[in-house]
Each structure stands twice: as C-alpha cells, then as structure tokens.
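Participant:
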Amino acid sequence: MPRVSEEQLWSWVDRGDPALEVYLERHPEERSRVAEIRGAVEGVAVSARSAPLPERIGDYAIVRLLGSGGMGIVYEAEQSRPRRRVALKVMRGGTLCDQRSRALFRREVGALGRLSHPGIAAIYEAGETDRGEPYFAMELVRGEPLHVYARNRGLSQRERIEHLVRVCRAAAYAHGQGVVHRDLKPGNVLVDPAAGPKILDFGLARLLEPGDSLSATTTGQILGTLPYMSPEQAAGADSVAIDARADVYALGVILFELLTDRLPHDVRGLSLPAALRRIVETPPRRAGKVAWALRGDLDAILAAALEKDPRRRIPTAGALADDLERHLAGLPIRSRLPGGLYRSAKFVGRHKVGVTAAIAVLLFAGAGVYATVARPGFLAQLGGEWYLESSPYAGLRWRGEVPEVEVEGGWSELVSVEGVQAPLLVAYCKQTAGHRWRKRFSEDLVQVLNRVGRWPLFRVDLEVRDPASGEVRRLDGVRLSRANRQAVYRSRYQWPFEGITAEGESLLLRSGDRAWELLSIEGVPAADLLASWTQRASRERLFLFPTDLFDLLCDLAGRSPGEAVALELRDRSTGEAVRLDSVPRTDRLADLVASAPATPPR
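The sequence shown maps to residues 0 to 601 in numbering that gives the first Met the number 0.
(1) Could you spell out where the alpha helix (DSSP H) holding T546 opens and where it closes?
(2) Report the start-end ranges of each beta strand (DSSP E) in the segment 131-189 that is 3 residues or longer and not cut off at the edges.
(3) What do you get for K88, buried or exposed, if any count of 16 or more other CB atoms within 10 angstroms of its CB means buried?
(4) Using three-state DSSP, classify V266 as helix, strand or coil.
(5) Using the DSSP secondary-structure output, state which residues sit across from I278 in a beta bridge.
(6) Evaluate F440 with the Cβ neighbour count: other Cβ atoms within 10 Å of its Cβ, from every protein chain shown; 16 or more gives buried, anything less gives exposed.
(7) For A120 and E231, I'd like the C-alpha separation in whole angstroms.
(8) Where in the segment 434-500 do unbroken runs of the alpha helix (DSSP H), each at least 4 residues long, occur, reported from the N-terminal end onward?
(9) List the endpoints of the continuous alpha helix (DSSP H) containing S531.
(10) Measuring alpha carbon to alpha carbon, tell me which of R312, A563, R396, R484 ends up nearest V445.
(11) Output the boundary residues of the beta strand (DSSP E) element that contains A120.
(12) Output yes or no for whether 9 Å exceeds the beta carbon distance between A421 and E407.
(13) Can you name the start and end residues of the alpha helix (DSSP H) that R244 belongs to?
(14) Specify, as a first and last residue, the run of the alpha helix (DSSP H) that A302 falls within.
(15) Tell me where the alpha helix (DSSP H) around Y74 begins and ends.
(16) On the CB-based measure, 16 or more other CB atoms within 10 Å of its CB, does V85 come out buried or exposed?
(17) On a CA-only basis, which of I253, V459, E470, T500 is nearest L479? Give me that one, please.
(18) According to DSSP, I520 sits in a beta bridge with which residue or residues?
(19) Assign G112 to one of three DSSP states: helix, strand, or coil.
(20) Excluding the five sequence neighbours on either side, which residues of its own chain have a C-beta within less than 6 Å of the C-beta of G498, listed in chain order?
(21) Can you name, in chain order, every residue of its own chain whose Cβ lies under 8 Å from the Cβ of A563, other than the five neighbours on each side?
(22) Helix, strand or coil for R83? Go by DSSP, reduced to three states.
(23) Just the Cα atoms here: how many angstroms apart are R244 and E54?
(24) Taking 8 Å as the cut-off, is the CB of P282 close to at least one heavy atom of the ligand COA?
(25) By DSSP, does K429 sit in helix, in strand, or in coil?
(26) Candidates R437, G433, P391, R398: which alpha carbon is nearest S415's?
(27) Going by the CB atoms, is the gap between L474 and V463 shorter than 9 Å?
(28) Could you pull the DSSP bridge partners for P402 from this structure?
(29) If I measure Cβ to Cβ from D554 and keep anything under 7 Å in the same chain, skipping five residues before and after, which residues do I get?
(30) For G409, count the other beta carbons within 10 Å of its own beta carbon; 16 or more makes it buried, fewer makes it exposed. Which is it?
(31) Taking the alpha-carbon of R571 as reference, which of P524, Y134, S505, S559 has the nearest alpha-carbon?
(32) Out of curiosity, what's the CA-to-CA distance linking W436 and C428?
(33) Among the residues of its own chain, which have a CB less than 8 Å from the CB of A76, if the five just before and after it don't count?
(34) If you follow the alpha helix (DSSP H) that K197 is in, where does it begin and where does it stop?
(35) Whole angstroms is fine: what's the gap from G561's alpha carbon to S519's?
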C-alpha cells in the first residue's frame, strides 16, 4: 500500500477517520509523524475551546468560534469596512506553522484568490496576526451540506439535479481558472437557502500552472475523501494525471448519492487497501438498478461520469452540467450513443400533441396501403423472423470474452458493430442475459444493437482486427444475412453426440442407442464442467442443451471449441476408457468410438 500525502494525514487526523489506524498498521514508521500532527490538531482544538476568544484580529471583530481543525481555527467575525459578517480562518498551533503548512495555507488563499463566482465562497482578504499567524477572511455561508439540505427540505429529483447543475457550473468555472478542487463532496458544498449551493474548502486544490511545486504530489500518494475519490486518485497517480476529470468523477458520486441516498461504491467497514482496491477495480453500481426511475438518461449520464478510465469519462464539469440540463429539457443527451430510435423517442416526448395528430393522419392515409403490406408473411420477413435472426458474419467464436468473427473466409477479432464497441456489447449482454450472454451476443445481436440505440436495417458497418498484423479494418455495409446467423447457430449446436445429461456426479453422452460417461472435453475435466453447471441450477438430474456445453467450455477453457474436439470417455457397461483426438464436430460419435484407442481408466 503506498504512503499517503501529509495533507491526507491531516485530513484523517482532523476527522478521526478509522482508515488512519489501518494505514498505520501497514506503515508503523509513520506513527511519529501522525503523533506530531495529532498533537498539533488537539492543541489547536483545546486552545480554541479553552482560550478566551480574541476580541479582534486585524480589521475583524470576533463574534464566535465556528470550528477548529487540522489547518487552524475558523471564527465568525464582523468586518468594519465594509460592514459584513465573514468566516475568518486562522492558522495556529506548533507544527501548523512549519514551512510546508504555511505554503499549503497560502495555496488555499491563492486558489480562492483566483475565483470570483456566485457558486464558490469568495475570499476577501489575507494577512497575518500580531503573532505572525496567517489568516484569511472569506464569505460566511449560512447553510447545510448539500445532501443534508436536500433531505431536510424534501427536494424533488428535478430540484436535486438543478442544485447539482449549479455546483457543476461553479466547478467548471474553477477549472477554467486553473484550479482543480480534488476533494469535492457534499460536506464541501453548503447550500444557502437564499444564494444556493457554494463550494468550500480548497485546501487540497491543485493549481494548474508551471512551477507550482505544491501542485504536484508524489506518485503513490493519496489525496481526497474515499467514497468520492476518483480511481486515479485512489491508485495514487501523479497529480499531473489528476486533472479536472477527477472533479467530474466526484460530482458524479455526489449526484448518485443525491438521487439514490446510496454511494456507487460502499466502502463502509472495509480496510483502506480493500476500499482503494474497490474504487480502482470494481465497477460502480448502476443507478438504474438501484432505482428504477433513474433508468435511461440519468443512468447513462452517471455511468459516463463514473467511468474508471478518465479518457472515457465525461471530459468536463460543464459537459456534465449540459447533459443534465438536456435531460431536464427532454433533449437527447450526449452521454449515450445517439441512435436514431433514441432521438426519435426524445422528439416524441417533446412534441406529444403534434406527433399524436400526425400519427392519426398517417393511420387514415395509410389504411389502403396496409392491406397490401400486411399480407401474410410480409412484415414477418421484413421486420420479424428474418431481421431478428440475421447476422453480419459467417461464424463466431470466443477467446475469453473477446469475440472473433469469420469474415471473408478468415477469423478476425470483432472491434465494433455499427460504431458500438464490442466490449460494450459484451457488457450489455452480461447484464441482460446472465450466464447465457454468449448466446445472446451471437444469436440476438440485432436486438442488442436496437436496445443500445442502434437500429440497423439490411446492412451494418463492422470493424475487425487482423490477428497477425493487429491492423484494424473497417468493413462498410456488410449485408445482414439469416444464413450467416444460422451458421453461427450451427457452430454452437454441432457436437458428435445427440445429447448430454447430468446424472449425480457424472456427465453422460448419448449417440445413437449408446451412452458413455464423459471424462473430459478439450482437456477440461467433466467434473469442472458439472461444477460450473450446478452453480446455475439446483436439480439433481439435468439435461444440458448443446449451447449450454458450448458456453461452459468457453468459460472454463477461455476459448470456443474448434471444428474438431478431443474427448475422453468411459463405457458405462465395461468401464473401459477411450480417448478420441480431433473428432470432427459434424461426425457421429457412434461411428468413431469402436476403433478408438483404450486409455487407462480413471
């Protein structure tokens, strides 16, 4: 586990985060540094509670103590010219005044000094006390944390999204001024009922400018608050790689929590290494699965904002705000594939009256045409059986989770269909078809394309990668053919036996009037096949379809079976074992087993 930054230690100590103890178990050499920080924090807190309030600091009359933390004390104060209430943050305490801490304090002042936006708490003035302690005065925000405000006020879904849009606009402004917050969370967004949400606490901000020695943290250090931390922050990436897209991820987490009252990654009760691993490696919850009402646009927006890879994430906070506003206005969003069917549905949603009238006119006008078009078999051929069972390639096989297709007589890796990347199609099939996802991909490809926003008619565009050269080729207008789909279908059903049955702890093959016990296929033991199958079913005696065996073998062997397979069998009546190498899957097992060499029984 990498060492964390000094800023992160201050944050853990200040908040009493249990992650600190887990960290110290892994890095006992850090205990002395943490003890020093803890002493400074406690000293400041005790001093703040017990010491009488100062009457004045600079031009500010102290009214009351608002709070104390690792970086200092915050007072409510009254400025005399101009006359107004402010929040006065003062840096105090022994090690709090070392050179690095002073520089960090100045960095927060520098970050806020760049910013003038109604959604960001403004800084008014910075200076030093008579004792040489740095301070700055900033806008006093009288409000509640964003998620608390939404809950207490019973905000609707639309109102919550509108508040988040305002936060996104403020973050986008900060990014435009070269400031990345790096610790956005509901607690750092206070909502003033009169002025709306305002972003606070730029203590971990990164300033995007050359020569800013404090803007870059060492690779392997961790900054931020765990549940809202982007994967690149959790992985300890160099801060050069932690740009505005880290704030976009945090905004996505905040929106997810606002809309579902849950987090995309639940890290409660996990050790720090396990929590970081979950953020970096585990896909986040889908909002549409947590709450049915979020399916569609909001689910797509959140998925795009919470992408693990920053390159595939919504690129800016402004783009996130734009998509949310488009959703609220009923316009097509940009975070999903812009399929014609999706755009049409959005158009209908915005113009229900006009579309309804147009449909009525078309229905009357088309009554005569209908008699011709609806003759038996016409629509079924055009949009039914033929269409749904069509395929753009002659065959399909699998290398792990990578589809390879037969095009122009050779096998190539499938890169995309109609611009939809193959991994996205695979992920969708896994979501909708469970353990039969390979069947859904190969046999219902057109339906899958329809569901993700594509509606191919007669021809599709493919991208394939040559396995030898690695070159990606684009094949435009490949004809959809039911014959191709049938070839895929046959390749999954072709086996040299008629059936396979699970009985007790054995798999039995049937060919003609004989049955054998299956010992292995393609080097995969039958026991492994059976164990994988029984995880999916609970009955004692099961008949497996050929496609079931195909899928099981793909899962366990990491590839599809070839045109010929190797089998190990045992005759149930004699106990004799036989081995059959390179059995063509189109041949009959009964014709081959008589001359097969015997192998020692297992």
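Note that CB positions come from ideal geometry on N, CA and C, so glycine has one too.
Facilitator: Looking at the coordinates:
(1) Here residue 546 refers to the residue found at position 547 when the sequence shown is read from its first residue. Run containing T546: 545-556, per the alpha helix (DSSP H) assignment.
(2) Runs of beta strand (DSSP E) with 3 or more residues, each lying fully within the segment 131-189, are found at 133-138, listed in chain order.
(3) To locate residue 88, count along the sequence shown from 1; it is residue 89. Answer is buried; the Cβ neighbour count reaches 16.
(4) Within the sequence shown, the letter at position 267 stands for residue 266. DSSP, read as helix, strand or coil, puts V266 in coil.
(5) Residue numbering aside, residue 278 sits at position 279 when the sequence shown is read from its first letter. DSSP lists no partner for I278.
(6) Start at 1 with the first residue of the sequence shown, and residue 440 comes out as number 441. The residue is buried, with at least 16 neighbouring Cβ atoms inside 10 Å.
(7) For this step, residue 120 is matched to residue 121 along the sequence shown. For this step, residue 231 is matched to residue 232 along the sequence shown. Distance between the alpha carbons of A120 and E231: 27 Å.
(8) The segment 434-500 contains these whole alpha helix (DSSP H) runs: 436-442, 444-450, 481-492.
(9) For the purposes of this step, residue 531 is identified with residue 532 of the sequence shown, where counting begins at 1. Per DSSP, S531 belongs to the alpha helix (DSSP H) from 525-533.
(10) Sequence index remark: in the sequence shown, residue 445 carries index 446 (1-based). When R312, A563, R396, R484 are compared, the shortest CA-CA separation from V445 is found for R484.
(11) Indexing the sequence shown from 1 puts residue 120 at position 121. That residue, A120, is in no beta strand (DSSP E); it is neither H nor E in DSSP.
(12) The residue labelled residue 421 in the question sits at position 422 within the sequence shown. The residue labelled residue 407 in the question sits at position 408 within the sequence shown. Not in contact: A421 and E407 (Cβ atoms no closer than 9 Å).
(13) Translated into positions along the sequence shown, residue 244 becomes position 245. That run of the alpha helix (DSSP H) goes 243-259.
(14) Start at 1 with the first residue of the sequence shown, and residue 302 comes out as number 303. Element bounds for A302: 296-304.
(15) By 1-based counting over the sequence shown, the position of residue 74 is 75. Taken as a continuous stretch (DSSP letters only), Y74 belongs to no alpha helix (DSSP H), being part of the beta strand (DSSP E) at 71-78.
(16) Looking up residue 85 in the sequence shown gives position 86. V85 comes out buried.
(17) Taking the sequence shown and counting its residues from 1, one reaches residue 479 at position 480. Checking every option, the nearest Cα to that of L479 belongs to V459.
(18) Working through the sequence shown from its first residue, we reach residue 520 at position 521. Paired residues: V523, L566.
(19) For this step, residue 112 is matched to residue 113 along the sequence shown. In the structure shown, G112 falls within a helical segment according to DSSP collapsed to helix, strand and coil.
(20) Here residue 498 is taken as the residue at index 499 of the sequence shown, counted from 1. In chain order, R509 place their CB closer than 6 Å to the CB of G498, counting only its own chain and leaving out the 5 sequence neighbours on each side.
(21) Within the sequence shown, the letter at position 564 stands for residue 563. If we look at A563 and ignore the five residues flanking it on each side, its Cβ neighbours are S581, V582, P583, R584.
(22) The residue labelled residue 83 in the question sits at position 84 within the sequence shown. In this structure, R83 counts as strand in the three-state DSSP scheme.
(23) Translated into the one-based positions of the sequence shown, residue 244 becomes position 245. Translated into the one-based positions of the sequence shown, residue 54 becomes position 55. Rounded to the nearest whole angstrom, the C-alpha separation of R244 and E54 is 44 Å.
(24) The ligand COA is absent from the structure shown, which contains no ligand whatsoever.
(25) Here residue 429 is taken as the residue at index 430 of the sequence shown, counted from 1. Correct three-state label for K429: helix.
(26) As a first step, residue 415 must be located in the sequence shown, where it is residue number 416. The shortest C-alpha separation from S415 is found at P391.
(27) Along the sequence shown, one-based indexing puts residue 463 at 464. Along the sequence shown, one-based indexing puts residue 474 at 475. With respect to L474, V463 sits close: the two C-beta atoms are nearer than 9 Å.
(28) Here residue 402 refers to the residue found at position 403 when the sequence shown is read from its first residue. Residue pairing by DSSP places P402 opposite W397 in a beta bridge.
(29) Stepping through the sequence shown from its first residue, residue 554 is reached at position 555. Answer for D554: S531, listed in chain order.
(30) Walking along the sequence shown from the start, residue 409 turns up at place 410. Exposure of G409 is indicated by the presence of fewer than 16 other C-beta atoms within 10 angstroms of its C-beta.
(31) The residue you call residue 571 lines up with position 572 of the sequence shown. Residue S505 holds the alpha-carbon nearest to the alpha-carbon of R571 among P524, Y134, S505, S559.
(32) To locate residue 436, count along the sequence shown from 1; it is residue 437. To locate residue 428, count along the sequence shown from 1; it is residue 429. Cα-Cα distance, rounded: 5 Å.
(33) Taking the sequence shown and counting its residues from 1, the one referred to as residue 76 is at position 77. Once the five neighbours on either side are set aside, the close Cβ partners of A76 are I56, Y59, A60, I61, V62, R84, V85, A86, L87, A136.
(34) The sequence position of residue 197 within the sequence shown is 198, counting from 1. Per DSSP, K197 belongs to no alpha helix (DSSP H); it is in the beta strand (DSSP E), 195-198.
(35) Within the sequence shown, numbered from 1, the residue matching residue 561 stands at position 562. Within the sequence shown, numbered from 1, the residue matching residue 519 stands at position 520. Each residue's CA atom was taken as its position, placing G561 and S519 some 15 Å apart.
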